[in-house]
Structures are given as C-alpha cells and as structure tokens.
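Residue numbers (our numbering), protein chains in the order written: chain E, 283 to 451; chain Y, 16 to 328; chain H, 4 to 646. Here's the structure we're looking at; comments come further down.
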Amino acid sequence: MFRQLRAGVRTGIVTEPAPSTQEVALLGRQLGAEIRGRFGRSLHIRQVDAGSCNGCELEISGLIGPHYDLERFGLHFVASPRHADCLLVTGPVTRTMAEALRRTYEATPDPKFVIAVGDCGADGGLFAGSYAVVGGVDRVVPVAAVIPGCPPSPKALLAGILDVIGRRR
Amino acid sequence: MTAALLVAVMQVVLVAAAAPLLVGALRTLKARLMGRRGPPLSQPYADLRKRLAKEAVVSETTSWVFRITPFVLFASMLVAALVVPVLSARPALPFAGIVFLMYLFLLGTFFLALAGLDAGSAFGGMGSSRAVAVAALAEPTVILAIFALALRVDTTNLGAIVERIAGHPLLALSPGHLLAFAALFIVMIAETGRLPVDNPATHLELTMVHEAMVLEYSGPYLALVEWASAMKLLLFMTLLANLFFPWGVATTLTPVPLAIAVVTLGLKLTVLTVFIAVIETLVAKLRLFRVPELLAGSFALALFSVMAVFLLR
Amino acid sequence: MTARLGYALAAVVGAVATVAGIAGVLGATWSFRAPALVPLGGLELSIDPLAGFFLAVVGLGVVPASIYAVDYMGGDARGLFAYLVLVVSMAVVPLAANVVTFALAWESMSLASYFLVVEGGAGPRASRDAVDAGWVYALMAHAGLAALLAGMLTLTAATGSTRFADWMVAAPALASEARLGALVFLAAGFSGKAGLVPLHVWLPRAHPEAPSHVSALMSGVMTKLGVYGLLRAGFEWLGVIPAGWGAGLLVVGVISAVVGVLYALVERDLKRLLAFSTIENVGIVVIGVGAAVMFRAADLGPLAVLAVVAALYHTVNHAAFKGALFLGAGAVVHATGTRNMDAMGGIIKRMPWTAACILLGALAISALPPLNGFVSEWLLFQTLLQNTEIARPELNLVFTLGLAGLALTGGLTLACFVKAAGLTLLALPRGEGAACAHEAPVAMRAGMAALSALCVALALGPTAVLPALAGVARSIVRASSDTAIAARGPLTVHVSGDFASLSTVTIALALAAGVAATVVVLSVLGASPRRRISETWGCGRILQTPRMEYTATAFSNPFQRVFDFLYRPLPAVDIDAHPESRFFVRTIRYRNETRSVIDDWLYGPIAAAMRVATGGVRRLQSGSANLYLAYILAALLVLLVLA
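Structural data, given as structure tokens:
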C-alpha cells in the first residue's frame with residue numbers, strides 16, 4: 283500500500299501542457315459569448331454513445347488520465363444528463379439510439395449544447411447511408427461543434443472542447 | 016450577547032463559504048497523488064456559480080417532497096453549523112449536544128432518501144436504500160463514542176466537552192480518546208460518502224450510494240444539495256478536529272482568540288484533508304455488502320474506547 | 004345514523020377520560036367503591052397520578068380514533084358495541100383498585116378487541132387470516148390473563164387483601180418467595196399484553212386484521228396498559244426489586260426494540276409493518292422502565308425518576324404518532340383496497356392531506372428533531388448515558404448494550420419509515436387501487452389531523468409536559484423532591500443540572516430560519532428561477548413504467564443481507580421451461596421468504612408438544628359410555644378412600 287503511495291509521489295505530475303491550434307468545425311448559432319461566459323471555468327460533460335464502435339470512447343477515456351487531465355480546465359464528466367451542460371455524442375446515431383439521444387438532450391437543463399465527436403458524429407462517417415443509421419448527430423439534436431477524426435486523438439478532443447468554451451490560447 | 020450573535024453568524028458564514036474550498040482541496044490533492052495536475056482549488060465555487068444559473072428540470076413524477084428537500088438539507092446544515100464548535104468553544108445554541116447533532120444529520124438523510132424515492136426511478140430507490148442502511152448501521156458507533164467522551168467529562172454538551180478537554184491536554188492522548196477518534200473517523204467516512212464506503216466520483220450507478228439519490232436534481236437544487244454535502248464534510252471534520260484536539264479553539268469572543276481559532280482550524284483541517292486524500296488514493300471501494308463489516312469494526316473500536324475509559328478511570 | 008352517534012359517544016367518553024386523566028396527573032384524587040356490584044371484592048376504582056396519566060393516554064387515543072371511525076365505518080354499526088366496550092374497559096383498567104375490577108376490565112378489553120379483530124375488514128364473513136389471527140390473539144391474551152391472576156393471587160395470599168392500596172403498604176415487608184413468584188407471573192402477563200419479545204407473536208397477526216381505528220387504539224393505547232401494569236408491579240406492589248431484574252427488563256426491551264424494527268424492515272404489508280414498529284417502541288419504553296428499576300435499586304432516586312419520565316413521555320408520544328400512522332394507513336388501505344406497499348405509490352398526489360399526516364408521523368417516529376419522538380428518545384439517551392452513577396461494572400455493561408441497541412433501533416426505524424412513507428406515498432402508483440385512490444372523508448381527516456397536531460404540541464411543549472410527568476414519576480418512585488429534570492425558562496429543558504439540555508422550540512425556529520436563509524442565499528447569489536417539467540431520467544429508456552420503480556422488497560434487501568442470521572431467508576427459484584427444450588424459459592418464479600426465528604424455534608416446538616399432549620388426552624374421550632361409567636366409579640372410590 284505504501285509502495286503505491288511512494289511510487290505516486292516519486293513519479294510526480296505527468297500532465298502534458300495544453301494543446302495548441304486544432305481544426306474544429308463549428309456549426310450552428312449556439313456559440314460565442316453565451317457559452318464562453320457561462321462555461322469558461324466549469325463545464326460538466328455527459329458522454330453519450332449513440333451507436334459508436336467505441337474507438338472514440340477509448341480516446342475520450344484517455345482524457346481522464348494523468349497525461350491529458352481534462353479536470354485541470356474545470357471540465358468534468360458526469361453520470362446524469364441532469365448534471366450536465368454539454369453532451370459529447372459519439373457514433374453515427376443508430377436508429378435504435380435516436381430516441382434515447384433525444385431523451386438525453388431533453389433531460390439536460392438549459393443552457394446546454396452538443397458536441398459531436400468523430401467522422402461518425404459529423405455525418406455518419408464510415409456507416410453513412412446504412413439502413414440502421416440516422417446519419418450524423420445533427421439529424422437528431424442541434425449540434426454546436428464537431429470534432430472530426432476517426433477517431434480524434436485525445437489532444438484533438440481536448441483542443442476542440444476548450445475551443446468551444448473559449449479556454450484556449 | 017451581541018458578540019455571541021455576531022460570532023454565531025460569522026461561524027455559519029465561514030462554514031458555508033469554506034466548505035467548497037475543502038472539497039476542492041481534497042479533489043486537487045487526490046489528483047496530485049495520482050500524478051495529475053488536477054482542478055484548481057476554487058473549482059467547486061465555479062461549479063456552484065454555474066449550477067445556480069442553470070434551469071432546474073423537475074420530473075413530473077415527483078412531488079413537493081422533492082422540491083423542499085434541498086432547502087431542508089441546506090437549512091439543517093446551517094443549524095448544524097451553530098451546533099458544532101467551529102471557532103468558539105461554546106457553540107451558538109447553548110444546548111448543543113452530540114445526540115442532537117447526530118439526529119440533525121439524520122434529518123437531512125431522511126429527506127434526501129425520500130427525494131431519491133420520489134423520482135420513481137430504480138437509481139434513486141437504490142441510492143436511498145443503501146444510504147439509509149449505512150446511516151443506520153453507523154448509529155451505535157456514534158452513541159458509544161459519545162458515551163466514552165461523556166464518561167470522561169460528565170456531560171454531553173459539546174461546548175463543555177471542548178472546554179474540559181482543552182483544560183486537560185493529556186486527556187487527548189489517552190487510549191480511550193484515540194480509539195473513540197478512530198471509531199468516529201470511520202463513521203465520518205461512511206456518513207459523508209467517501210472511499211472506501213462510497214466513491215464520490217463514480218459514474219457507475221450500481222456502485223453509487225449518495226450520488227444515486229441526487230441523479231435527478233439539476234440547477235439551483237443540485238447546487239444546494241452539493242453545497243450541503245460539502246458542509247456536512249466540513250462540519251464532521253471540524254467536529255473531529257475540535258472535539259478531540261481542541262487546542263486553539265477560542266474560549267473568549269474577542270478578535271485575537273477568534274483569529275487564532277481560524278488559523279488553528281485551518282491547520283487541523285489541512286492535516287485531516289491530507290489524511291483523507293491519502294486513504295482515498297490507497298484503498299479501493301468496498302463492495303456494498305462488506306460495508307457493514309467495516310462499520311462493525313468501528314463499533315468494536317468504540318466499544319474498546321468505552322472499556323478503556325472505564326478501566327483507566 | 005346510530006353508528007355515527009355511537010362513535011361520537013365514544014369520542015365524548017374519550018374526552019371525559021382525557022380531562023379526568025389530566026386532573027389525576029395534576030394531583031386530584033378520587034375513589035369509588037361498590038362492594039355489592041361484583042362478587043369477590045366488589046367494584047373499586049381510584050385515581051392517582053400514574054392512573055391519571057394512563058387514563059389521559061387512553062382518552063387522547065380514543066378521541067381521534069372515534070372521530071375517524073365516524074366516517075371510516077361508513078355508518079356500519081357492526082363492531083360498534085365491541086368498540087364501546089373496548090373504550091370503557093381501557094379507561095377502567097388504570098382506575099381499577101382491586102383484583103376483581105382489574106381482571107374484569109382486562110378480560111373485557113381482550114374480548115372486545117378479539118371480536119373487533121375477527122370481524123375486521125369489509126365483507127359479510129370474517130376472512131381466514133382474521134380468524135387465525137383472532138385465535139392466536141385469544142390464546143395469548145388468556146394465557147396472559149392466567150399468568151396475571153396467578154401473580155395477583157400470590158400477592159393476595161401474601162398480603163391478605165385483594166386491594167392494590169393494601170399491597171402498596173405491605174410491599175416492603177413481602178416475603179421473598181412471594182415477591183419472586185408474583186414478579187415472574189406479573190411480568191409474563193403484562194409483557195404479553197405489551198407485546199415484548201418473545202410474547203409478541205399475536206401483535207403482528209392481530210393488529211393488521213382489525214379496522215384501522217381499532218389498530219390505532221390497540222397499538223397506541225392497549226399495549227401501553229401492559230406497560231402500566233409493569234410500572235405498578237415494578238414500583239408499587241413488589242417493593243424495591245433487585246437490580247438484576249431491572250437489567251433483565253432492559254435486555255428484554257432492547258431485544259424487543261431491535262427484533263421489532265428488523266421484522267418491520269422486511270414487511271410489505273403496511274399495517275403489519277406498523278404493528279412490528281409498535282413492538283419496537285414498546286421495547287424502547289421498557290428500556291426506560293428497566294433503567295428506572297436499576298437506578299432505584301441503586302438508590303439513585305432522581306435518575307430513576309428521569310428514566311420513568313422518559314418512558315412515560317415515549318408512551319404518550321408513541322400513542323400520538325403511531326395513532327396518526329395507523330389512521331393514515333387505514334385511509335390509504337381503504338382508498339386503494341390493498342395493504343401491500345408494492346402495489347401502492349403516488350398517494351401524495353391523490354390524497355394530499357392523508358399523505359401529510361403520514362409524513363409527519365413518519366418524521367416523528369424516526370425521532371427527527373424537532374418532533375416529539377426526538378424529545379423522548381433524547382431523554383432516554385441522556386438517562387442511559389448517566390449510568391456510571393451506578394458503580395457496578397456488570398450493570399454498566401448492560402447499560403452500554405442498551406445504548407448501542409437504542410441507537411441501532413433509531414437508525415433502523417429511520418430506514419423503515421423512509422421505506423413505509425416513501426413507497427406508499429411517492430413516485431407513481433404501482434397498482435390499480437393506488438391509481439384511482441381519492442382523498443379520505445372529512446371525519447377521517449379530522450382524526451388524523453388531531454393526532455398530528457398532538458405530535459407537534461408534545462414536541463414544542465416539553466417544558467409544560469415534563470414537569471407533570473416528573474410529578475407522576477415521583478409518585479411511584481418515591482424519590483425526594485429534587486429531580487434530574489427541570490424546565491428553566493419557557494423553552495429549555497435541563498437534565499441533571501448541566502449534563503444536557505434541549506429546547507425544541509429553538510430548534511424549530513432555527514430550522515425555519517435556516518430555510519428562510521437558504522431562500523435568501525439563493526436569490527442573493529442569482530439563482531435561476533426557471534423550472535421545466537420533464538420525465539424522470541431513465542437512461543433514455545423508451546419504455547418507462549411504474550414497474551421500474553424500487554419496491555418495498557428491493558428497499559429492504561441490504562438489511563435482509565446484513566441480518567440474514569435473524570431472517571434466515573429461503574430463496575427458491577422455479578424455472579418453467581418449454582417442453583421441447585429447457586433453454587426456452589417461459590416463466591421464472593422467485594421467492595425469498597424470511598422466516599421468524601421465534602415462531603420456528605420457540606412456538607413451533609411448543610405447539611407440537613401441545614398437539615402431542617392433547618392427542619394423548621383425547622384418547623380418554625373414547626365416546627364409550629361404559630368407559631365413562633368406569634371413570635365415575637374410579638373417582639368415587641378414590642374420594643371414598645381419601646375422605
């Protein structure tokens with residue numbers, strides 16, 4: 283038990299510095315001063331898997347670790363959409379998850395916004411046109427930003443989220 | 016009279032204002048021990064301010080019980096701040112005793128458990144069931160620890176206990192005293208929902224105890240509930256610090272002793288925070304049906320403390 | 004119409020009893036003798052502070068229950084006569100001043116309640132459960148009466164008189180065998196009526212079957228008459244009882260309290276849950292009585308008075324909040340047509356007044372500040388915490404056990420009533436009956452509201468109530484005039500000087516101020532006033548029905564696991580598969596029954612032994628006239644030899 287403590291103290295902080303420029307496609311009108319003003323210092327994110335292959339989830343889970351550490355920017359993942367300000371949606375939105383995604387959006391209190399992750403989230407990506415897929419998160423809920431990639435790296439994800447809330451540079 | 020009133024208000028304001036800082040410090044410290052930079056110390060304040068500005072989504076299944084619970088919870092913590100010896104040895108409510116404090120905390124638990132059931136979801140019910148089970152099993156330990164303390168000083172009045180132990184510093188190192196402290200420490204972990212009883216940062220509903228009851232709250236209601244939990248943690252830690260190691264607590268209500276009281280309280284809380292952060296980093300969450308074993312262990316510690324006080328009288 | 008008038012008459016009798024009782028508590032004395040009315044000693048009634056207290060408890064319970072019954076029985080006169088007999092006999096029991104009066108009143112109380120239990124619910128014929136419950140009740144009540152008579156006759160033989168006043172005078176000089184024998188019999192008889200473990204088995208069977216106003220009276224008042232008997236016997240008729248018996252009484256109280264609440268925790272039947280909770284609260288009262296006996300044996304008069312005060316206060320508090328809970332439960336059961344909590348839910352929206360009364364009762368019984376349950380449990384805690392004044396380690400150990408047990412029951416009661424109130428009142432209705440329940444009629448609401456108001460009055464007025472109770476306690480403990488409890492000022496109560504103090508009015512005001520402060524804080528910090536009504540978060544699930552709510556069985560699962568050595572659950576899974584293949588499951592039936600340790604290990608063997616014995620005796624009744632003639636001849640021969 284104390285070996286773990288010693289190792290932790292000896293290793294020190296391994297967090298990498300905040301990411302720099304990143305291409306983030308920003309859609310919709312829900313941007314700007316309102317979001318930056320409210321969520322600049324504190325953003326609670328609820329991640330929704332709308333039929334993703336889980337590649338994006340694995341990258342998102344890297345954000346919680348010590349190297350990317352999204353908590354230092356005041357970002358925090360929450361379990362319930364009632365506690366969330368932002369929905370981080372992955373996947374091409376399968377037909378069976380469309381209603382669930384809509385209900386999750388419905389359950390989130392205002393003001394809120396949605397970030398679609400990955401090429402699937404943007405327009406269905408690899409699965410676009412499939413019978414089982416609605417195609418892109420913006421077909422179901424209004425999307426404020428899209429972070430492209432298949433999957434986007436944790437650095438890209440972090441840069442994208444920070445850019446939306448106006449915390450970078 | 017007015018000095019007492021002023022100090023009472025000051026204590027309540029201090030407790031309410033400092034509670035988020037305590038939670039922030041705990042979070043940041045745990046992050047540092049994990050090798051992360053962690054959130055800034057003031058993060059809980061930013062979270063609270065943001066939550067207050069959001070709308071509250073209320074389920075149509077719920078009733079007025081759901082809506083008044085955050086207020087009752089917060090109000091009971093404000094009253095508890097008048098009962099715990101925070102700065103001055105004599106709490107603002109002169110009849111303050113530990114039995115009253117114990118049941119005051121249970122008042123909040125009762126309403127929160129009802130609110131968890133009110134939403135009609137399985138999560139809330141599960142959280143309520145587990146929370147009241149943990150609270151119920153922690154009660155015998157508290158009363159025996161109180162008994163051990165009351166035996167020594169012949170009163171259950173919190174202010175009197177603090178004054179008498181402050182007058183006899185060596186009492187604080189007697190085995191009965193230390194055992195009672197250990198027992199109440201475990202109860203504190205259980206009642207405030209820290210590891211290893213409950214993980215405050217978990218996202219898996221099946222592992223939640225306290226968090227599951229508040230899944231349905233949003234906006235200002237959620238801000239009040241989280242703030243009240245932070246205050247409960249601060250009050251419990253203050254109780255442990257000032258009841259068992261009361262040096263520095265102000266015995267007169269003049270500016271200099273009060274300032275010393277603030278500083279010493281800060282120091283004691285820092286030590287306790289580091290201790291809790293280290294424990295939380297090192298242990299894993301106990302399986303729910305192992306928690307009664309932990310509480311039984313704390314009961315045994317309290318029983319030993321009573322016996323120790325008896326034998327060493 | 005006559006039925007309503009009858010219940011109104013009962014309410015008037017109750018009001019008279021309350022006034023007379025309070026007068027008795029405050030010192031009025033009065034007696035009445037009618038030697039020719041009844042054989043073997045005549046009818047004799049007298050009032051003293053203790054009798055006055057219990058008479059007042061009877062009255063305080065009867066008045067709201069009778070008002071409630073005006074609408075609950077809906078003009079049905081069935082059971083009215085038995086109810087009136089019950090009320091009058093319950094009022095006479097504390098007033099009885101000799102053996103015959105007491106026995107008559109006690110027995111008519113038991114008989115009247117037996118009829119009410121068996122007649123029970125709606126429908127022309129008594130239900131199977133009610134008949135079984137009545138049978139167990141009648142058996143235990145009569146066994147108790149036999150024990151009581153044995154004890155009282157022992158005292159009569161030892162003192163030469165059937166009058167209680169004479170026993171009080173002769174108590175110090177009582178021979179020790181007579182004292183022991185009387186103690187054992189009287190304790191057994193009174194404990195059975197009070198519902199202490201292990202003589203409690205009739206309570207959870209009988210109380211749910213009776214109509215709710217009768218259940219309220221049986222739980223809140225009748226069981227307390229058993230406590231009345233224990234107090235009389237323990238302090239007045241038997242002199243100073245050794246501390247060992249007091250310790251035994253305390254241990255029995257702790258066991259009753261813990262076992263009672265543990266069984267209440269796993270109950271799905273709302274009224275049976277309340278019945279088990281009664282066992283728990285009687286256990287708490289008896290903890291106080293046992294502590295008082297121990298303090299008195301150690302010659303600590305003030306502390307003994309304090310313990311009796313705590314016990315008496317809890318008695319009247321329990322009558323108030325258990326009465327409110329039973330009346331409320333009755334209204335809910337009446338409206339929904341079921342006693343099963345798993346089929347209730349959503350009542351708070353359909354029956355708001357009833358729900359408010361039930362919530363207040365639940366808050367009070369969970370001993371939460373600033374209500375009355377908190378005051379009496381707090382008092383009992385402070386009493387037990389002073390046990391080191393007795394310098395005997397074995398007794399201190401018993402007191403420590405009592406403290407731990409009392410704290411455990413406090414916590415478990417909270418869990419139990421979160422379950423009872425939460426699952427009955429909150430969320431969505433889980434059954435047909437609950438979905439179309441409507442609010443109770445006026446008289447029922449009035450009865451419930453009266454008891455809720457009594458709870459609040461008892462909570463906020465301890466400075467008025469406690470000195471009166473101290474007077475009652477002093478009269479039976481025969482302590483000196485200074486007591487351990489004092490009211491300083493109109494608001495604060497002090498225990499043993501500076502040991503502890505309490506002011507419920509201040510607490511109530513502080514909590515109210517806290518709520519106001521919270522509202523102010525929210526507006527100062529700019530909280531958003533926007534609200535949006537939506538559906539419960541169910542993980543985005545499309546089909547969200549009341550079936551997905553937590554049920555009573557689920558809620559008690561952690562307790563069932565932790566205390567499985569007591570419940571000894573029997574899980575049984577039956578899987579019904581398609582005949583073609585065992586992989587196509589059609590239905591799965593899951594049962595997880597809890598078993599009662601006391602039923603299986605105590606009453607089971609006793610009942611089996613009785614069956615064997617009576618089977619043997621039955622052989623004597625062969626039906627043959629020749630054999631009976633032979634019996635007569637044999638008896639005649641034996642008598643001739645003996646004479």
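Note that beta-carbon positions come from the ideal geometry of N, C-alpha and C, so glycine has one too.
- Fully contained in the segment 335-362 of chain E are the following alpha helix (DSSP H) runs of length 4 or more, in chain order: 337-344.
- A contact between stretches requires three or more CB pairs, one per stretch, nearer than 8 Å, and the segment 359-366 of chain E fails this requirement with the segment 515-522 of chain H.
- Of all alpha-carbon atoms in H/Gly-147, H/Phe-84 and H/Pro-211, the one lying nearest the alpha-carbon of H/Trp-109 is that of H/Gly-147.
- Counting other Cβ atoms within 10 Å of its Cβ, H/Val-15 stays below 16 and is therefore classed as exposed.
- Within the same chain, Cβ atoms closer than 8 Å to the Cβ of Y/Thr-207 are found at Ser-244, Lys-247, Leu-248 and Phe-251, the five residues on either side in sequence being excluded.
- Put simply, the backbone Cα of Y/Ala-104 is about 5 Å away from that of Y/Thr-266.
- Per DSSP, the beta-bridge partners of E/Gln-329 are E/Leu-370.
- Counting C-beta atoms within 10 angstroms of its own C-beta, Y/Val-27 has 16 or more neighbours from the protein chains shown and is therefore classed as buried.
- Nearest to H/Ala-190 by alpha-carbon distance, out of H/Gly-232, H/Ser-259, H/Val-224 and H/His-216, is H/Gly-232.
- For the segment 324-357 of chain E, the beta-carbon criterion of a distance under 7 Å to any beta-carbon of chain Y is satisfied by Ser-324, Pro-348, Asp-351, Glu-353, Arg-354 and Gly-356.
- Contact annotation, H/Thr-539 with H/Gln-547: C-beta distance approximately 7 Å; criterion of less than 8 Å satisfied.
- Going by DSSP, H/Ala-80 is part of no alpha helix (DSSP H) at all; its letter is neither H nor E.
- Sequence-distant Cβ neighbours of H/Tyr-593 in its own chain, meaning closer than 7 Å and more than five residues away, are Val-576.
- Apart from sequence neighbours up to five positions away, the residues of its chain that approach H/Phe-402 with a beta-carbon distance below 6 Å are Leu-387 and Asn-390, ordered along the chain.
- In the structure shown, H/Phe-56 adopts helical secondary structure according to DSSP, grouped into three states.
- For H/Tyr-593, the three-state secondary structure derived from DSSP is strand.
- A Cβ of chain H is located within less than 8 Å of the beta carbon of E/Arg-385.
- When C-beta atoms of the segment 553-569 of chain H are compared with those of the segment 336-349 of chain H, three or more pairs fall below 8 Å, so the two segments count as touching.
- For H/Leu-374 and H/Phe-420, the gap between their C-alpha atoms comes out near 15 Å.
- Taking one beta carbon from each stretch, the segment 95-102 of chain H and the segment 215-233 of chain H have 3 or more pairs nearer than 8 Å; the two touch.
- If you ignore the 5 residues before and after E/Pro-436, its C-beta comes within less than 7 Å of the C-beta of Glu-341, Gly-344, Leu-345 and Tyr-350, all in its own chain and listed in chain order.
- From the listed residues H/Val-243, H/Ala-462, H/Phe-502 and H/His-337, the smallest Cα separation to H/Thr-509 is found for H/Ala-462.
- The beta-bridge partner set that DSSP reports for H/Ser-34 consists of H/Ser-49.
- Residues of the segment 540-555 of chain H that bring their beta carbon within less than 7 Å of a beta carbon in chain E comprise Trp-540, Gly-543 and Ile-545, in sequence order.
- Residue burial annotation: H/Ala-646 is exposed, with fewer than 16 other C-beta atoms found within 10 angstroms of its C-beta.
- For E/Ala-398, the closest alpha carbon among the candidates E/Phe-359, E/Leu-369, E/Thr-376 and E/Arg-385 is that of E/Leu-369.
- Interface criterion not met: the Cβ of H/Asp-135 is under 8 Å from no Cβ in chain Y.
- Nearest C-alpha to Y/Ala-227 among Y/Ala-95, Y/Leu-132 and Y/Leu-258: Y/Leu-132.
- Among the residues of the segment 488-508 of chain H, those with a Cβ less than 7 Å away from any Cβ of chain Y are Thr-495, Asp-501, Phe-502, Ala-503, Ser-504, Leu-505 and Ser-506, in the order of the chain.
- H/Val-61 is not a Cβ neighbour of H/Ala-11, given a cutoff of 8 Å.
- A Cβ-Cβ distance of about 6 Å is found for the pair H/Arg-477 and H/Val-308, placing them in contact under the 8 Å criterion.
- Using a CB distance below 7 Å, the part of the segment 227-243 of chain Y facing chain E consists of Leu-230, Glu-231, Tyr-232, Ser-233, Gly-234 and Leu-237, ordered along the chain.
- Counting along the chain, the unbroken alpha helix (DSSP H) around E/Asp-445 starts and ends at 436-446.
- In this structure, DSSP gives H/Leu-528 a state outside helix and strand, which the three-state scheme calls coil.
- Residue H/Leu-241 holds the alpha-carbon nearest to the alpha-carbon of H/Ala-176 among H/Ala-236, H/Pro-207 and H/Leu-241.
- Residue pairing by DSSP puts E/Phe-395 in a beta bridge opposite E/Cys-368.
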